[in-house]
Amino acid sequence: MSASRHRRVAVLVLDGAKPLDVGIPAQVFSTRPSMPYEVRVCGVRPGPITGGDGLSYHVAHGLEALTWADIVFVPGYRRPDQEVPPASVLDALRAAHDRGARLAAISTGAFALAATGLLDGRRATTHWHYTRALATKYPRIKVDENVLFVDEKTVLTSAGAASGIDLCLHVLRSDLGVAASNHTARRLVAAPYRSGGQAQYVPRSVPQARGEQFAATREWALHHLGDDLTLDRLAANAKVSARTFSRRFLEETGYTPMQWVLRARVDLARELLERSERGIEQIAADVGLGTGTNLRLHFRQILGTTPSEYRRTFKT
1 MSASRHRRVA VLVLDGAKPL DVGIPAQVFS TRPSMPYEVR VCGVRPGPIT GGDGLSYHVA
61 HGLEALTWAD IVFVPGYRRP DQEVPPASVL DALRAAHDRG ARLAAISTGA FALAATGLLD
121 GRRATTHWHY TRALATKYPR IKVDENVLFV DEKTVLTSAG AASGIDLCLH VLRSDLGVAA
181 SNHTARRLVA APYRSGGQAQ YVPRSVPQAR GEQFAATREW ALHHLGDDLT LDRLAANAKV
241 SARTFSRRFL EETGYTPMQW VLRARVDLAR ELLERSERGI EQIAADVGLG TGTNLRLHFR
301 QILGTTPSEY RRTFKT
């Protein structure tokens, strides 16, 4: 893709910006031949910026980068519940949104978007430690503390720093399709799709989930999606009872075993729609959904579109 057709990504670094939050979009959308993106890291003005966690930044661009960008990422920063970004930043974010740019916040960057008023009446999330503060300070926002990210089309928000990867991969899937997102996830050595929400990371008075106890069974299931994957068969692979498997699997992933299998089958169908010429009925059989009718039903429920529409959009 020629440079003139690159999607333009601005990463807005505010005072106290968290290093991981800044690095995630800069690396995911890094300017390289295999990626149709151009990235500019910016601040209120070009030059040095005091960051969080003992690091500082030197950015090449000022707020003019927001007039250039197609999507603006706002990384999280320290003391978001106590400090509001400068008026020039808020005005630049509103102007970028008004001309059609998407705004995406990572972690506490949601407070900067909230200060613009653009999250009023919308769903949004932030790091679980700050969800109550966000809801209290901006009561018109519908704060969802149980998700990794929220996509409200023109404004997007994510939970803690690592969920910034989930958000960026989601943007890639939306822009370029599953194959491109999976390729980038492999480059980052990251999960291409994490089910569940951030509630599993919030300290509470219940026993902690057992982490990756069933990781091997999930990997095995991914290689047998075309088979008859019943709860009993999955539990047998994990060498526990069906009742124990179902309970602990839900704790690990945020989904029941069969909900997880269904989503994995839909994801595999997406890749086959992108990369192959197989018909809908054949793909449905290959991924274990049986018929084209079933594939269309679950595609619509999970993705809000049809297999045919998806193929027209993302066919390589």
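In the UniProt record's numbering, the protein residues as written are 1 to 316. Idealized CB from N, CA, C, for every residue including glycine. Remember, it's a predicted structure, so these values are computed and weren't measured experimentally.
By the C-beta density criterion, Glu-252 is buried, having at least 16 other C-beta atoms within 10 angstroms. With contacts defined by Cβ atoms closer than 8 Å, Ala-159 and Lys-142 do not form a contacting pair. Three or more Cβ pairs closer than 8 Å define a contact, and the region 10-19 meets that threshold against the region 72-80. The beta carbon of Ile-302 lies closer than 6 Å to those of Val-266 in the same chain, with the five residues before and after it left out.
A residue is called buried when at least 16 other Cβ atoms come within 10 angstroms of its Cβ; Arg-40 meets this threshold and is buried. Judged by DSSP secondary structure, Val-266 falls within the alpha helix (DSSP H) whose first and last residues are 257-275.
Thr-67 and Arg-102 have their alpha carbons spaced roughly 12 Å apart. Here the alpha carbons of Glu-38 and Val-240 stand approximately 49 Å from one another. Looking only at Tyr-138, Glu-145 and Val-155, the smallest Cα-Cα distance to Asp-70 is reached by Val-155. Closest in C-alpha terms to Glu-219, from the list Asp-232, Ala-264, Pro-25 and Asp-175, comes Ala-264. By the Cβ neighbour-count rule, Ala-112 is buried, with 16 or more other Cβ atoms within 10 Å of its own. Val-11 is positioned such that its CB atom lies no closer than 8 Å to that of Val-44. Between Thr-157 and Ala-110, the CB-CB gap stays under 8 Å. Taking C-beta atoms as the reference points, Val-261 and Leu-229 count as a pair closer than 8 Å.
In this structure, DSSP gives Asp-53 a state outside helix and strand, which the three-state scheme calls coil. Of Gly-290, Leu-273 and His-170, the smallest CA-CA separation from Thr-306 is found for Leu-273. Under the DSSP assignment, Tyr-310 falls in the alpha helix (DSSP H) whose first and last residues are 307-314.
Boundaries around Ile-71 are those of the beta strand (DSSP E), 71-74, since no alpha helix (DSSP H) includes it. In the three-state scheme derived from DSSP, where H, G and I count as helix and E and B as strand, Leu-12 is classed as strand.
Just measuring C-alpha positions, the residue of Arg-132, Tyr-130, Ala-105 and Ala-179 sitting nearest Phe-149 is Ala-105. Distance from the CA of Ile-165 to the CA of Ser-107, rounded to the nearest whole angstrom, comes to 11 Å. In the displayed model, Val-287 falls within coil according to three-state DSSP, outside both helix and strand. DSSP places Leu-156 within a strand segment (E or B) once states are collapsed to three. In the three-state reduction of the DSSP assignment, Leu-231 falls in the helix class.
Here Arg-186 has no same chain residue with a Cβ atom under 7 Å from its own Cβ, once five neighbours each way along the sequence are excluded.
Assigned with DSSP and collapsed to three states, Leu-134 falls in helix. In summary, His-58 is exposed, with fewer than 16 beta-carbon neighbours lying within 10 Å of its beta-carbon over all protein chains present. The criterion of a C-beta distance shorter than 8 Å is satisfied by Tyr-310 and Arg-270.
In its chain, beyond the 5 residues on either side, Leu-20, Asp-21 and Ser-107 have a beta carbon closer than 6 Å to the beta carbon of Ala-161.
One thing to note: Thr-217 has its Cβ within 8 Å of the Cβ of Ala-238.
DSSP places His-58 within a strand segment (E or B) once states are collapsed to three. With a beta-carbon spacing of about 6 Å, Leu-225 and Leu-268 fall inside the 8 Å limit used to define contacts. In terms of CA proximity to His-127, Ala-135 leads the group Ile-283, Ala-135 and Ser-174.
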